[in-house]
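What follows is a set of notes on a single structure, which appears directly below.
In the UniProt record's numbering, the protein residues as written are 1 to 127.
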């Protein structure tokens, strides 16, 4: 994908996926999801590659995670108390939490194209 797609925040710079609660007991009343990763200092809602990862050759590019159909302002901030609480419908095994991951510039106009690799960990707390 070209840097122009990332800079212009087009749909080509993002992908949809779904987190599904499977194998859970029927008595769960809520699920909270948080995110951990190497947060960008200039755009703290974006996760960037580790500085020692030579396989990632981009600069000023990060990835953000949000609920599907929401805007970039709702990216889940990693390493924070921010969370997504699943709705009752989303907790159903045939439904799930619909998410989007998007590549974005951490500093507008400063993105450098290349190979991108970063690690995001989803954490789940439930009751």
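Cβ coordinates follow ideal geometry from the N, Cα and C atoms, glycine included.
All figures in this text were calculated on a predicted structure; none of them were measured in a lab.
task: Taking residue 4 as part of the alpha helix (DSSP H), name the residues at either end of that continuous run.
output: Your numbering for residue 4 matches position 4 in the chain shown. Start and end: 3-7.
message: Under 8 Å, with one C-beta from each stretch per pair, do the segment 21-31 and the segment 104-111 reach the 3-pair mark?
response: no
query: Over what stretch of residues does the beta strand (DSSP E) that includes residue 108 continue unbroken?
result: Here residue 108 corresponds to residue number 108 of the chain shown, with the count starting at 1. Looking at the DSSP string, residue 108 is not in any beta strand (DSSP E), and its letter there is neither H nor E.
- prompt: Is residue 57 closer than 8 Å to residue 2 when the C-beta atoms are compared?
  reply: Start at 1 with the first residue of the chain shown, and residue 2 comes out as number 2. Start at 1 with the first residue of the chain shown, and residue 57 comes out as number 57. Against a cut-off of 8 Å, the Cβ pair of residue 57 and residue 2 comes out as no contact.
- prompt: Which residue comes first and which comes last in the beta strand (DSSP E) that contains residue 15?
  reply: Numbered from its first residue, the chain shown carries residue 15 at position 15. Residues 14-19.
message: For residue 52 and residue 118, I'd like the C-alpha separation in whole angstroms.
response: Your numbering for residue 52 matches position 52 in the chain shown. Your numbering for residue 118 matches position 118 in the chain shown. Approximately 11 Å, taken between the alpha carbons.
- request: Name the residue from 78, 14, 123 whose alpha carbon lies nearest to the alpha carbon of residue 40.
  value: In the chain shown, residue 40 corresponds to position 40, counting from 1. Residue 40 has its Cα closest to that of 78, out of 78, 14, 123.
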